[in-house]
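Numbering (our numbering) for the sequence shown: 41 to 328.
First comes the structure, then the notes that go with it.
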Amino acid sequence: MKALNKKPLFNESGDTDISKKRLINGNTTNLNDFNNMKYTWASEWYRQAMNNFWIPEEINMAQDLKDYRVLTEEERTAYDKILSFLIFLDSVQMENLGNVNNYITASEVNLCLTIQAFQEAIHSQSYSYMLDTICPPNKRNEILYQWKDDPILLSRNKFIGDLYNEFLDNPVPENLLKTLMANYILEGIYFYSGFMFFYNLERNSKMPGSVQQIRYINRDENTHLWLFRNIIRELKKEEPHLFTDESVEELRNMIKTGVENEIAWGHYVIGNKFRDLIKMFSVNILST
Ligand SMILES: [Fe+2]
Ligand SMILES: [Fe+2]
């Protein structure tokens, strides 16, 4: 397989002509020039992401503290498991973005990935804040690590985690492409039944602080999806040889597995327990 060069750091002989910029295997200086970008969508993305800045602790969780105690058993179990899942996703996502960034040689895209990683850190902070507010310390720890012991949670986290590890261990362009798609699946498919569960709590006037946190996280995740869609599209223009019939079929199958995982997860964590959510869930996910 053709090599993928790790981005140089201090590189005085890097290209200053932006037309020579490439997403991978370019000769970057790492200079951040906000006024002179090859990938102009990166500027728009960056500004949108900065406008979306928020601080979890500014959201009042007092009502959630009361509500959590009176959630039904099913609601509380689903709340815990969904949080455990989301905490893991955002944590591993933050780490993987740094690894992807080591191989992207377009400084404006590096900027965007850095801001995205920062936002994933805020999401982790948000989940911690939610747990710290509503749970006693022993319960908090149990929820944080449920993904390690719950076989269904673990198996779906493994699907994404293994793909990220594969790229970490063997950074070739083909594995980069799979990692980009795994990222896309995480942002575009894996979050949504979890988010819907929270929006359904809101419809029932429960856990308003948690829902506000999720609403802000959801807004960020939408932009992450937009960023990775653009990166994959640019890569297709610059490195069309990576998109063979075989690799495109593999990417399609990854999306299919991601959707199947999401459906199985939805059945497991939500199932038939929440009558008004079933309709929402079936319209949005099961029909895909
Ligand atoms: Fe996130
Ligand atoms: Fe994200």
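Glycine included, C-beta positions come from ideal geometry on N, C-alpha and C.
Remember, predicted model here, so these are calculated numbers, not experimental data.
Exercise. In three-state DSSP terms, what is Pro48?
Worked result: If DSSP states are grouped into helix, strand and coil, Pro48 belongs with coil.
Problem set entry | Asp57 classed as buried or exposed, judged by whether at least 16 other C-beta atoms fall within 10 angstroms | So Asp57 ends up on the exposed side.
For this session: Report whether the distance from the Cβ of Gln133 to the nearest heavy atom of ligand 2 is below 7 Å.
Result: At least one heavy atom of ligand 2 falls within 7 Å of the beta-carbon of Gln133.
Exercise. Any chance the CB of His163 is under 7 Å from a heavy atom of ligand 1?
Worked result: His163: yes, Cβ under 7 Å from ligand 1.
Exercise. Looking only at its own chain, which residues have a Cβ that is under 8 Å from the Cβ of Pro48, when we skip the five neighbours before and after it?
Worked result: In chain order, Gly54, Asn67, Thr68, Asn70 place their CB closer than 8 Å to the CB of Pro48, counting only its own chain and leaving out the 5 sequence neighbours on each side.
For this session: Could you tell me whether any non-hydrogen atom of ligand 1 is closer than 7 Å to the CB of Ile257?
Result: It does: the Cβ of Ile257 is within 7 Å (strictly closer) of some heavy atom of ligand 1.
For this session: Determine, using beta-carbon pairs with one atom in the segment 88 to 106 and one in the segment 227 to 240, whether at least three such pairs fall under 8 Å.
Result: Touching, no.
Exercise. By Cβ distance, which residues of its chain are closer than 7 Å to Gly138, with the 5 residues on each side in sequence left out?
Worked result: Around Gly138: Ala157.
For this session: Quick one: using the 10 Å Cβ neighbour count with 16 as the cut-off for buried, is Lys246 buried or exposed?
Result: Residue burial is scored here from C-beta neighbours: Lys246 has at least 16 other C-beta atoms within 10 angstroms and is therefore classed as buried.
For this session: For Ile144, write down the residues that DSSP places opposite it in a beta bridge.
Result: Paired residues: Ile64.
Problem set entry | Whole-Å CB distance - Gly228 paired with Leu265, under 8 Å assumed | In this structure Gly228 is in contact with Leu265, their Cβ atoms being roughly 5 Å apart against a cut-off of 8 Å.
Exercise. Whose C-alpha, out of Arg269, Ile310, Glu289, is nearest the C-alpha of Val149?
Worked result: Minimum Cα distance to Val149 is reached at Arg269.
Problem set entry | the segment 278 to 298 in contact with the segment 112 to 122 per 3-pair CB rule at 8 Å | Touching, no, given that fewer than three Cβ pairs across the two stretches are closer than 8 Å.
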